[in-house]
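Be aware that the sequence shown starts at 6, since it is given in the numbering used here, and climbs by one per residue. A virtual CB, placed ideally from N, CA and C, is assigned to each residue, including glycine. Source: prediction; values computed, not measured. Before any comments, here is the structure.
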Amino acid sequence: MELTKQQFTEDLRKSLTQNFAKTTKNANDQEIYMSLARVIKGYYSKIWLEDNEYKDKTAAKQTYYFSIEFMPGRMLKSNLLNLGLLQTVRDALADIGSDLDKISENEQDMAIGNGGLGRLASCFMDSLASTGLPGNGNGIRYKYGLFKQRIIDGYQVELPDVWLTNGNPWEVRRSDKAVEVKFGGNVWMEEIGHGRYTPHFENQETILAVPYDTAMVGYENKTVNNLCLWRAELPEGSEVIHPSLDYMQDVDTLSAVLYPDDSNYSGRLLRLKQEYFFVSAGLQRIVNHYLNLGLPLPRIPEHVAVHINDTHPALCIPEFMRILIDEHEMSWESAWQLTVKTMSYTNHTIMAEAMEKWSEEMMKSLLPRIYQIIVEIDNRFAKEYIPKVGPSLVHNTRIVKDGKVHMANLSIIGSHSTNGVAKIHSDLLKDVVLHDFYIIFPERFNNKTNGIAERRWIQIANEELSGLIDETIGKSWRKDLNDLTVLKAFQDNDEILNKFEAVKFHDKERLAKLILEKNGITVNPNAIFDVQVKRLHAYKRQLLNLLHIMKLYFDIKDGNAENMVPRVFIFGAKAAPSYQYAKAIIKAINEVANMINSDTDVEDKLKVVFLENYNVSLAEQIIPSANVGEQISLASTEASGTSNMKFMLNGALTIGTLDGANIEIKDAVGDENIFIFGMNKDDVLEYYTNGRYQSTEIYNSNPILKRILNAFVDGSIPNIENEGREIFDSMTVYNDEYFVLRDFDSYVETQKRLEDYYRDRHAWNKSCLLNIANAARFSSDRTVREYAEQIWQINPR
Ligand code: 9GP
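If you want it as structure tokens, here you go:
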């Protein structure tokens with residue numbers, strides 16, 4: 006949008022006076038941030054209103070992306086960038102003695118996500134709006150989100166993330182769109198004549214779901230979509246029915262934390278309640294809005310697509326059926342047809358946790374009507390498909406069996422599309438994990454390789470690099486990332502390569518400053534910055550990284566590292582609160598870090614840094630400064646990964662296995678510009694089938710590994726008596742579930758090769774440039790366009 010500095014300054018002044026009775030001279034950064042956010046919201050609200058009117062007028066089909074997590078990160082700069090105001094506002098603030106970057110730090114990350122799943126959802130929100138596609142998010146407005154991670158004595162400590170304390174200026178509470186969501190009680194069916202039945206309910210608990218809308222502003226276009234987040238509240242009059250403070254607290258808890266601890270019954274119950282809560286509220290709002298437009302219900306799939314992001318929102322299927330049948334008296338057959346046409350599903354992992362299973366008992370008591378509908382879907386599925394494909398396939402794919410409701414099975418049977426998130430992952434779904442479904446519904450399976458919102462991950466996170474790209478090839482890449490390929494022409498131009506190297510160096514200096522501030526560790530920006538940032542999970546093998554660090558440490562101690570290129574290993578990772586093993590690894594990383602960082606023999610050859618509370622805004626500071634991105638999961642276990650794409654776009658080289666999207670990155674950049682090691686998926690599957698893996702054989706025959714692993718239990722690494730034992734046993738007694746020891750040698754050799762390559766500055770810089778030049782296919786703009794055309798059938802404005 007068009008705006009002069011003067012106009013903006015005037016608007017900011019007004020906002021400061023109206024909101025805080027302050028001027029630009031005496032307002033603090035937090036007040037400037039809040040006032041600024043309100044000014045920006047004022048600017049885009051006109052576009053938002055106009056786009057909503059346009060959407061209503063055309064009734065064009067829209068997508069609703071249901072996800073239990075989103076990770077939007079800070080909105081300030083992203084909104085400014087997308088409105089085309091970033092520079093104007095930066096300059097105007099500078100004129101009044103403020104710094105946009107400092108002001109922006111007053112914004113708390115919206116703490117409503119956990120990892121890749123949530124961040125992908127937010128990349129999609131940005132890309133949908135930026136490609137002009139009508140696509141909205143639907144989730145929960147968690148009061149405390151996941152948790153704030155502190156590292157105390159090397160341990161992860163979880164604190165509530167009070168991200169809402171100062172208010173959230175971007176959201177709009179829409180009480181008029183609140184709906185009721187009902188739980189529990191009894192339900193029975195009563196015949197209403199002509200063989201038709203209707204459900205009757207008693208003793209249900211009613212909770213009010215209130216939506217908070219946040220505008221998803223498109224990049225320099227007219228599209229503003231909506232992220233709708235639901236908050237649980239007491240309905241009016243409920244103080245009479247439940248006159249207790251405890252009850253109020255219970256209701257509050259429903260939208261308080263993401264992923265309540267599911268290692269106990271009440272935690273599981275709460276999760277299921279949350280899942281139904283946002284599904285039911287979201288669908289009710291969609292259907293209400295649709296009917297208000299005067300459109301006929303039987304045509305809803307022509308106007309509405311509902312996407313189930315992982316299985317958490319799988320209850321969309323029976324809930325949509327309930328709304329159509331119970332509330333709108335549609336026949337089962339018609340309702341089922343509409344449901345399957347409207348719903349689509351993405352699987353994001355082959356780990357067991359993605360295949361959620363709820364106990365029948367819990368489902369029956371918490372959601373009696375939904376349970377009935379699920380059982381009916383299941384029975385009808387069996388009846389229809391046993392004659393077509395035989396009893397054994399149907400048995401394997403049934404939704405209700407062994408006392409459990411299988412949510413992935415429900416998602417596939419009740420939708421028209423199931424996709425994986427990278428080629429290898431989609432193939433594994435078809436060939437192994439969901440093979441029986443693939444035989445029954447081959448046409449439903451497809452792949453949509455993930456992507457990232459390049460605006461946040463380079464234009465915002467790395468302004469200096471973006472400026473250098475502008476200078477080198479012009480600005481068109483900002484609108485169309487494919488234009489980055491023009492950079493290839495400069496791959497042997499040392500003058501340009503040196504400039505890219507200089508930008509990387511500045512980024513590293515900035516991160517070094519942050520590391521000193523946060524962790525009190527001095528790191529050398531000339532060292533290789535080697536980064537692994539992602540959730541802590543055994544399959545992601547942060548441990549393999551740690552074992553290699555120990556190897557380098559012993560090399561230094563033994564005097565075998567004269568020529569070593571100095572390295573800084575940087576970790577960022579949260580472990581799920583009840584995942585003890587992951588927490589043991591965090592403790593071990595921190596203790597190894599303390600040991601190495603305080604050992605004067607090491608000098609600055611080796612440093613290890615664990616940055617606490619990894620989140621989107623920290624990622625924006627870390628990723629630009631990486632030379633190396635670690636993507637070292639066991640082949641076949643990481644569905645896609647998306648930090649690999651962020652590193653690539655910022656000119657870091659990947660060291661990784663043939664897993665997830667690493668494979669497609671390798672195809673894009675060529676073998677010489679990526680460091681691949683370890684087993685491939687077939688090697689891994691072969692081990693799974695023949696059961697011949699014996700980690701102790703490797704332990705006993707590999708003296709280097711033996712020495713390293715022993716250090717975990719013989720006191721060499723201090724303060725990890727219990728954790729060290731747990732890790733040691735997992736590698737030996739419990740046979741190393743993710744084949745860490747099997748891939749160790751290959752990893753070490755490849756790290757050595759990488760180090761040698763780093764010495765050749767021309768070659769290294771050329772590879773970095775080629776990574777950037779080939780990053781376009783990993784834009785989430787590409788991904789959402791594929792979803793739009795092939796799954797949702799929605800069109801850009
Ligand atoms: O673990 C996957 C990760 O590989 C993928 O990139 C991301 C987005 O598709 O989803 C993650 N899955 C989850 O967080 C839980 O299923």
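Item                                                                                                                        : Value
His317 Cβ short of 7 angstroms to the ligand 9GP heavy atom set                                                             : no
Residues bridged to Ile533 [DSSP beta-bridge criterion]                                                                     : Arg572
7 angstroms Cβ shell around Gly89 - same chain, five flanking residues per side excluded                                    : Met6, Glu225
Where Glu241 sits in the DSSP three-state scheme                                                                            : coil
Val753 vs Lys545 beta-carbon contact at 8 angstroms                                                                         : no
Cutoff 6 angstroms; reference Arg124; Cβ partners in own chain excluding five residues on either side                       : Met76
is_contact[Thr737, chain B] using C-beta, thresh 8 angstroms                                                                : The structure shown contains no chain B, having only a single protein chain.
The ligand 9GP heavy atom lying under 7 angstroms from the CB of Leu125                                                     : yes
Heavy atom of the ligand 9GP within 7 angstroms of Val426 beta-carbon                                                       : yes
beta-carbon Asn455 near the ligand 9GP non-hydrogen atom, thresh 7 angstroms                                                : yes
Any non-hydrogen atom of the ligand 9GP closer than 7 angstroms to Thr354 Cβ                                                : yes
Minimum length 4: unbroken alpha helix (DSSP H) runs contained in the stretch 502-565                                       : 547-562
Candidates Gly144, Ser132, Asp535, Asp606: closest to Gly564 by CA position                                                 : Asp606
Per-residue burial, Asn384 [other beta carbons within 10 Å of its own, 16 or more giving buried]                            : exposed
Host alpha helix (DSSP H) of Thr351 (start-end)                                                                             : Careful: Thr351 lies outside any alpha helix (DSSP H), inside the beta strand (DSSP E) at 348-351.
Where Leu232 sits in the DSSP three-state scheme                                                                            : strand
CB contact flag (Val399, Tyr390, <8 angstroms)                                                                              : yes
Simplified DSSP assignment, three categories, for Tyr743                                                                    : coil
Residues bridged to Lys362 [DSSP beta-bridge criterion]                                                                     : His411
Closer than 7 angstroms: Gly121 CB and nearest the ligand 9GP heavy atom                                                    : yes
Near the ligand 9GP: Ala781 beta-carbon under 7 angstroms from a heavy atom                                                 : no
Per-residue DSSP class, three states only, for Met335                                                                       : coil
Extent of the continuous alpha helix (DSSP H) run through His804                                                            : Since the first residue of the chain shown is 6 and the last is 802, residue 804 is not available in this structure.
Nonlocal neighbours in the same chain, by C-beta distance under 8 angstroms from Lys369, ignoring five residues either side : Tyr376
Paired residues, beta bridge with Pro204 - DSSP                                                                             : Met194
DSSP beta-bridge partners of Gln67                                                                                          : Val309
Alpha-carbon to alpha-carbon, Gln35 and Ser785                                                                              : 32 angstroms
Exposure label - Met194; buried when at least 16 CB within 10 Å                                                             : exposed
Boundaries (first-last residue) of the alpha helix (DSSP H) holding Met650                                                  : 648-654
Gly661 CB to nearest heavy atom of the ligand 9GP below 7 angstroms                                                         : no
Distance cut-off 7 angstroms: Ala359 Cβ against heavy atoms of the ligand 9GP                                               : yes
Burial state of Asp56, where buried means 16 or more other Cβ atoms lie within 10 Å                                         : buried
Residues that DSSP places opposite Ala220 in a beta bridge                                                                  : Asn231
7 angstroms Cβ shell around His542 - same chain, five flanking residues per side excluded                                   : Ala587
CA nearest to the CA of Ala134, picked from Met367, Glu334, Ser285, Val789                                                  : Val789
Distance, Leu122 Cα to Ile417 Cα                                                                                            : 19 angstroms
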